[in-house]
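Structure record follows, encoded as structure tokens.
Numbering (the numbering used here), first residue to last: 25 to 492.
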């Protein structure tokens, strides 16, 4: 059996090109991974089932669509929710991001993939893998614990039935029931049809933050209140309506204001001749499991964000820009709504980089990202198009309205002071091309027209916009 420490070191690489295999293995080994190479989806699936990998790199262009098939197989496996998948393209055909993500990929990279890019991704994956494995182990432990408690609850139900059916052996049955009430890990409450708690264990009292004397004078919905109480979803109401087993999940605040999650299994409590006397409630604290599931969802969300956001500027990347522009042009054409786009480029950026260094250049790019974000609406999309080039997609916006956005960005950026060297203030400018979507436009024709306007703005002296 593979232990947690071994799982953290193992990575499965599925690639049919020898050069790409060596490149990926070298990068993975440099980070500290033990890399296993497969050339086909079938071989990789067999190896995955045998060794339980939690980090997999899959080549997008494997023959016969096996890359997507393998991705779906991994994600649908019992451990698929804890497995991180990188889809990578080493050939001419680029990745359809939507198809890859729907198949289960956490992150996608197109050709050319830089060594720094794959190294950064592997480092992030390695840091998060221990967290994912810890969550997996926690969830498994809690599932085992829940099965044990359900088994105890079944024993309790059987013991109560045994006591009813064997009146002559009531004393022995009472001792058996009493022992279960004392030893079961979860909370147990016996509730009659008047909502009175006629029997409970110490764990229930702790969960309800009450005492044995207090619980005697209170109804169950007073002693252990939840959103189910006094509604048709009340477990006792449902049992009186004929249900044989009611499973519920509730959340409550403890005395410190922390949210506690409980799983409740309710079953009928019957008399000697089978008459319904009330219910038995078995309450399990599942807070650790619920919080582990929340952490897992947050981890998945972080990986999804990595695939569409540019880390330096905080803007969406070019891949997401292309997908958004395609959707917005379709929507504009279908509903006859205006759509405008701005493409901009920082003036003389190469000279600034060569003079002051890439670190100072990155500061300029980061500031531009912040200015764009602050200058647009929530429905707009700011993107880093590449290098020092940026785009803004403006739904439901005419070209004349887009001018105000462009000018706001241009003026704010021009007024921003940079200090790449001590005592030396530098101001930068940006040139912009603006255009509005026409019915006959395609995404490419819209980009080309905006890019042509940007070129004219540069030719006209820079630090200005051109609209056609």
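Each residue gets a CB set at the ideal place from its N, CA and C atoms; glycine is no exception.
Residues sharing a beta bridge with residue i, DSSP
i, result
"residue 364", "418 and 460"
"residue 396", "Bridge partners of residue 396: none, in fact."
"residue 406", "416"
"residue 243", "220"
"residue 386", "Bridge partners of residue 386: none, in fact."
"residue 307", "211 and 288"
"residue 300", "294"
"residue 132", "111"
"residue 454", "370"
Whole-angstrom distance between residue j and residue i, CA atom to CA atom
i, j, result
"residue 421", "residue 491", "14 Å"
"residue 321", "residue 314", "11 Å"
"residue 380", "residue 413", "19 Å"
"residue 116", "residue 123", "Interpretation of residue 116 is limited by its pLDDT of 45, a score under 50 that renders its predicted location unreliable; the figure taken from the coordinates is listed afterwards. Whole-angstrom Cα-Cα distance: 17 Å."
"residue 34", "residue 479", "49 Å"
"residue 62", "residue 156", "24 Å"
"residue 128", "residue 159", "19 Å"
"residue 466", "residue 360", "15 Å"
"residue 25", "residue 93", "Residue placement at residue 25 is flagged as unreliable, the pLDDT there being 48, under the threshold of 50; the coordinate-derived value follows with that caveat. Cα to Cα, residue 25 sits roughly 26 Å from residue 93."
"residue 277", "residue 286", "11 Å"
"residue 453", "residue 371", "6 Å"
"residue 392", "residue 37", "38 Å"
"residue 73", "residue 353", "44 Å"
"residue 264", "residue 252", "15 Å"
"residue 470", "residue 163", "50 Å"
"residue 273", "residue 250", "10 Å"
"residue 318", "residue 99", "18 Å"
"residue 382", "residue 134", "24 Å"
"residue 166", "residue 248", "23 Å"
"residue 236", "residue 215", "14 Å"
"residue 290", "residue 254", "16 Å"
From the options, residue whose alpha carbon lies closest to that of residue i
i, options, result
"residue 464", "442, 475 and 358", "358"
"residue 225", "58, 289 and 213", "213"
"residue 324", "153, 267, 452 and 83", "153"
"residue 433", "441, 368, 411 and 219", "368"
"residue 398", "364, 338 and 486", "338"
"residue 149", "210, 477, 52 and 217", "52"
"residue 477", "99, 253, 489 and 216", "489"
"residue 170", "426, 288 and 83", "288"
"residue 229", "242, 217 and 265", "242"
"residue 179", "273, 247 and 304", "304"
"residue 331", "299, 121, 100 and 79", "121"
"residue 109", "43, 45, 95 and 167", "95"
"residue 103", "89, 161 and 462", "161"
"residue 347", "468, 146, 475 and 54", "468"
"residue 481", "462, 474, 126 and 456", "456"
"residue 88", "106, 66, 166 and 71", "66"
"residue 75", "107, 430, 47 and 185", "107"
"residue 366", "425, 220 and 416", "416"
Residue i - containing alpha helix (DSSP H), residue span
i, result
"residue 227", "226 to 232"
"residue 377", "373 to 380"
"residue 490", "No alpha helix (DSSP H) holds residue 490; the beta strand (DSSP E) holding it covers 489 to 491."
"residue 429", "423 to 438"
"residue 449", "Looking at the DSSP string, residue 449 is not in any alpha helix (DSSP H); the run it does join, the beta strand (DSSP E), is 448 to 451."
"residue 335", "Counting along the chain, residue 335 falls outside any alpha helix (DSSP H), and DSSP gives it neither H nor E."
"residue 470", "467 to 483"
"residue 354", "342 to 359"
"residue 251", "No alpha helix (DSSP H) contains residue 251, which DSSP labels as neither H nor E."
"residue 121", "121 to 127"
Cutoff 9 Å: residue i Cβ touching any chain D Cβ
i, result
"residue 316", "Absent here is chain D; the protein component of the structure consists of one chain."
Enclosing beta strand (DSSP E) for residue i [first to last residue]
i, result
"residue 34", "34 to 38"
"residue 445", "441 to 445"
Runs of 4 residues minimum, wholly inside the stretch 52 to 108: which ones carry the alpha helix (DSSP H) assignment?
65 to 75 and 90 to 99
Enumerate, from N- to C-terminal direction, the unbroken alpha helix (DSSP H) stretches of 4 or more residues contained entirely within the stretch 255 to 295.
259 to 264
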